[in-house]
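> Those protein sequence lines, which keep their order, are chains G and R. Residues in the first sequence are numbered consecutively from 1, following the numbering used here. Residues in the second sequence are numbered consecutively from 1, following the numbering used here. Can you read through this structure? Questions will come right after.
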Amino acid sequence: MSEEFDNPYDEDFAFLAKSFSEQEWMQSEGQHGFLTIDPMFEGTPLSPQQVGVHLFETLFHLSECFQEERDDDVLSLAMQTLELHLNVLFEAEAQLVLYGHEGLFFLNKTPLHMSYQERKWASRWWRVVERKGLGGFMLMGPTTHQQSLSFFEAFLRPDQMPEPTNSLYPLPLHNAQARIASFENEQLSLLGASLSDPIGHAVLLYARLLQWVRQRYNPLSPRPRRRDALRILKGLSSLTEGRIVRFLGFRGHSTQASTYQPYHIANTAVLAMLFGSALRLTRSQQLELALSTLEHEIGKLDLPPELLQKSAPLSAQEQREIELLPVRTVHRLLGDTFRWKRLKQALIAVDVGSRLNRKRDNRAVVEQTLLFSRIIGLCSCFDALCSERPFRAAMRPTQALSLMQGALSHQFDSVLLDAFVRFIRPAVVAAMGRSGSNPPFPGELRKRNTERPQVMQQMQEDLRAYRALRQKASLTSDERSQLDGLKSGLIEHLKSSQE
Amino acid sequence: MLKAKSQSALRVPPSHRVSAFASGTAPSPTPPSVASFMSESSRVEWATHLFSFFQEAQHIASTQFHLERIRPYARDFANWLQQYVALFGPLSLRVRPFSLLLDGHAIYRDEEEQHLPFQLYQEGVVGLTFSEAFTEEDAFRLFSICLSPGLESELSVKLWELELPALHMFQTEQTEPLNEEVAWEQEQIVETLQFQMSHDSLAGANFIGLVEDARSTTLREGAPAFSGNGQEGVLTTEQCDELQALIAQEETTLAARAGELFLLVMTQIEEVRDVETLEVWLVPVAEALLKKQAWEPLYFLLGDVLEIGQASRPELSQAYEQLQRNLLCALTSPSSLSLIAEGCDCCSSLSYGEQGGLQTFLYMIESILGVTTLEALQELCSAPLPISSTEE
């Protein structure tokens, strides 16, 4: 099962090897990449996580240089880059431990986030290190060129063991494994901690769901992934499984459609899922029900926003727009490809919408017979009645239930309606004695500091000068002094910008 | 660290014998007195062997995916897991990007992006525990999900949906650092929600039940409680079963309902390009109806296309004509003709509506695609086609 990494120049690395041939490197002016130190990227300091990833890339290319037995400017400049990375990091972090095992890599306690490809090739070449019984290295102080050259040459060659220097120490593999295990245990205990505050956890999940809905129903936002919604819903379902969960929804602070609509959809989805759990639907069915709820009004993206706000009676044209809502929903859900799950969602969405149209129009519409559409219709109606709208005030839950069981009862499946009343009763009881109105919203709870660190013009100029000097094949003594001065100045700038 | 169970707890079922596996010689079952002193390395070896079945199945799934071909490996996995749990207790694994670890040792490795374990890793799953033995069927379901290509939702969600009592996943919420804007917005929303809950609004009642015992809630409020074990709930057991039967029945009629949905869409179409989009939707639905030999709904679907087209303005009418032709071409492919022939051969046993649907469908084929297709179809049938002659 373990894959032997014998040939570092397989096609995974061919691209990288080609990209960093000597000629291309010389031409890579201003490239933000592994052979040039760029403590600022578009005016923003790099995080330790980002520098850690660059450090890995630099180490890899050093290993290539040693494999090729290079002893030229490429090796020299790669070493200088590595030293600068290390010294910059050491200044920022006061200690530096880089380690990894089985595809996970860390800089101090920060896990390094990499793309799949990055992680794959890092894992492969890191096995050279692991096979020697090593898991990484530690930097305990500033390092010199000679120290780092001898240490890393031994560290990266498969047939040598690095000797500790004044500041650099090899990290045994078991030490790396223990650190990683400790990190994982910490993650698991954090997980436990969040589950020991289930209400806080539920609120967080609801917040993420609301964010997802806002993004989904915003025509200007990129479409969020359905997978993200499913993950959130799964979390909520896991949290509430087998328990009595009271939920009456959250409310927006205004009657603007852009505010109340996302809350309404999120509330309906959560209510539907909890109700589905009470009906003993399977987990898969609960997720399908909730996801269908989240997107059952997606056709509204194509409606004029002012139409949703209108409190006066609708004109014929406006009524027509509302009636076209199911068709728009079908187009949005099915799109240019066909999937059976999407078809079912479209059927559910049209079913739910047709309930509203039935009274107004005698044209042939889809009969509301799908079970999920009946459940969504119930939950949507309840939440809508309990919410304030531009054209009416919010009802108390007991009033809403009375209306649903009375004047509106013909719209619902009687068995499901009775079940819904039994399901929602604990929440309604808990809400008795509470005022029905939303608390006066205190405006922006906290102002965000939107001032970003100003681009340090001087630092940018110093950086350009530094790169220009480094690319020179040979330096005069003045130029060397200038280079050293620029280097220490850049480190100082970086340190102060991170404080 | 996992420890072997005590001697008295060790039971290796007599019916459970290690069979010779295709991948190699399996170790013999160890007598309980020795098993209680099993070393860590043996446990790792057993776990490695357990996942070798998964590895084999993965290889088969990658080359020629067919669910039934992986069943024997799922069976072996279930058998071996049963032995492992009997000897060593629950199997707790750590998830790494390209491996699964037991006590720091890699017992399974796969570097493919779409395979376990990278799928689980990137979804934030840090640990997996098999707390007890699986049945063969559960193992097969697990394998089917893990090895099926192109899952719509995350693997961890699909595994959770399986509701396997023996499988536990430990998943962190966030797998990548949040974008600053997104994190800020989330923080604001959480503060808003907590503000609502801290005041005397209805939202203050939200989620309270999460920290209360279900039993105490029942006693205090006197309302029927929902309990996870289903002893008491909002519906009776019979009603729940009826619901499930209704859901199952709805699945079988999905394609037929789709026809009604598309009629609604067609009545609102005003652009030619929308008719072209319809084809992408209608073809799979029509093919599904054909596969089920649901002749009446199929006839309705094709008939709707014809009627709406005839009632539309000229350029739309032309687009609908082309759509109908394309639909019929898709439905008379060589593999589909065999299905139609099957239907024709048992036409006499169909209901009146289904017979009418089939006959009209055949008539459409003749009038739009021509007699050649019908002749090809006749060759596949054992009896004359149940179609009225056009000359009549």
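Built from N, CA and C at the ideal position, the CB exists for glycine as well. These numbers come from a predicted model, not from an experiment.
Answer yes or no: do residue 96 of chain G and residue 139 of chain G have a C-beta to C-beta separation smaller than 7 Å?
yes
> Please determine, among G:271, G:210 and G:166, the residue with the shortest C-alpha to C-alpha distance to residue 207 of chain R.
G:271
> So with Cβ pairs under 7 Å, would you call residue 202 of chain G a contact of chain R?
yes
> Going by Cα to Cα distance, which pick from R:148, R:374 and R:73 is closest to residue 137 of chain R?
R:73
> Shorter than 7 Å from the beta carbon of residue 297 of chain R to some beta carbon of chain G?
no
> Quick check: the segment 343-358 of chain R against the segment 290-304 of chain R, are at least 3 beta-carbon pairs closer than 8 Å?
Below 8 Å, enough C-beta pairs join the segment 290-304 of chain R and the segment 343-358 of chain R to call them touching: three or more.
> Thinking just about the alpha-carbon of each residue, which of R:84, R:142, R:265 and R:52 is nearest to the one in residue 67 of chain R?
R:142
> Is residue 247 of chain G close to chain R? Criterion is C-beta to C-beta, closer than 7 Å.
yes
> Please state if the CB of residue 214 of chain G and the CB of residue 232 of chain G are separated by a distance shorter than 7 Å.
Their beta carbons are not under 7 Å apart, which means residue 232 of chain G does not touch residue 214 of chain G by this criterion.
> Please report the straight-line C-alpha distance between residue 155 of chain G and residue 176 of chain G, rounded to a whole angstrom.
15 Å
> I need the straight-line Cα distance from residue 88 of chain G to residue 168 of chain G, nearest angstrom please.
15 Å
> Go ahead and pull the three-state DSSP assignment for residue 196 of chain G.
coil
> I believe residue 99 of chain G touches residue 90 of chain G by the beta-carbon criterion, under 8 Å. Please report the beta-carbon distance rounded to the nearest angstrom.
Not confirmed; about 16 Å, so no contact.
> Determine whether the beta carbon atoms of residue 301 of chain G and residue 390 of chain G lie at a separation below 7 Å.
no
> Name the DSSP beta bridge partners of residue 134 of chain G, please?
G:172
> Which term fits residue 399 of chain R, buried or exposed, when burial requires 16 or more other beta carbons within 10 angstroms of its beta carbon?
Because residue 399 of chain R is not part of the residues shown, which for chain R are 1 to 392, the question remains open.
> Indicate the three-state DSSP secondary structure (helix, strand or coil) for residue 100 of chain G in the structure shown.
strand
> Quick one: what's got a C-beta closer than 8 Å to residue 469 of chain G's C-beta in the same chain, skipping five residues either side?
Excluding positions up to five away in sequence, the list reads 475, 479, 482, 483 and 486.
> Indicate whether at least one CB of chain G lies closer than 7 Å to the CB of residue 281 of chain R.
yes
> Short of 8 Å in beta carbon distance, which residues of its chain neighbour residue 359 of chain G, apart from the five on each side in sequence? Order them along the chain.
Reliability fails at residue 359 of chain G, whose pLDDT of 42 lies under 50, so the model's placement of it is uncertain and the value that follows must be treated cautiously. Excluding residues within five positions, none has a Cβ falling inside 8 Å.
> Less than 7 Å between C-beta atoms, sequence neighbours within five positions excluded: which residues of the same chain meet that for residue 201 of chain G?
194, 195 and 239
> In whole angstroms, give me the CA-to-CA distance for residue 228 of chain G and residue 126 of chain R.
18 Å
> Name, please, each residue of chain G whose Cβ falls closer than 7 Å to the Cβ of residue 94 of chain R.
184
> At which residues does the alpha helix (DSSP H) containing residue 357 of chain R begin and terminate?
Residues 352-364.
> On a Cα-Cα basis, can you pick out the residue from R:120, R:59, R:48 and R:56 that is closest to residue 91 of chain R?
Per the Cα distances, R:48.
> Show which residues of chain R have a CB atom less than 8 Å away from the CB atom of residue 283 of chain G.
160, 161 and 163
> Taking the Cβ atom as the reference point for each residue, do residue 123 of chain R and residue 156 of chain R lie within a distance shorter than 7 Å?
yes
> Using Cβ-Cβ distances below 8 Å, what residues of the segment 168-195 of chain G are close to chain R?
177, 181, 184, 187, 188, 190, 191 and 194
> My output table needs one value for residue 290 of chain R: the three-state DSSP class, helix, strand or coil.
helix
> Helix, strand or coil for residue 199 of chain R, going by three-state DSSP, please let me know.
coil
> State the beta-bridge partners of residue 392 of chain G as determined by DSSP.
G:389
> For chain G, find out if any of its Cβ atoms is closer than 7 Å to the Cβ of residue 79 of chain R; answer yes or no.
no
> According to DSSP, is residue 374 of chain R helix, strand or coil?
helix
> By the criterion of Cβ-Cβ separation under 8 Å, what are the contact partners of residue 102 of chain G in chain R?
96, 97, 98, 99, 101 and 106
> Rounded to whole angstroms, what is the Cα-Cα separation between residue 364 of chain R and residue 358 of chain R?
10 Å
> Excluding the 5 residues preceding and the 5 following residue 350 of chain G in the sequence, name in chain order all residues of the same chain whose CB lies nearer than 7 Å to its CB.
326, 329, 330 and 366
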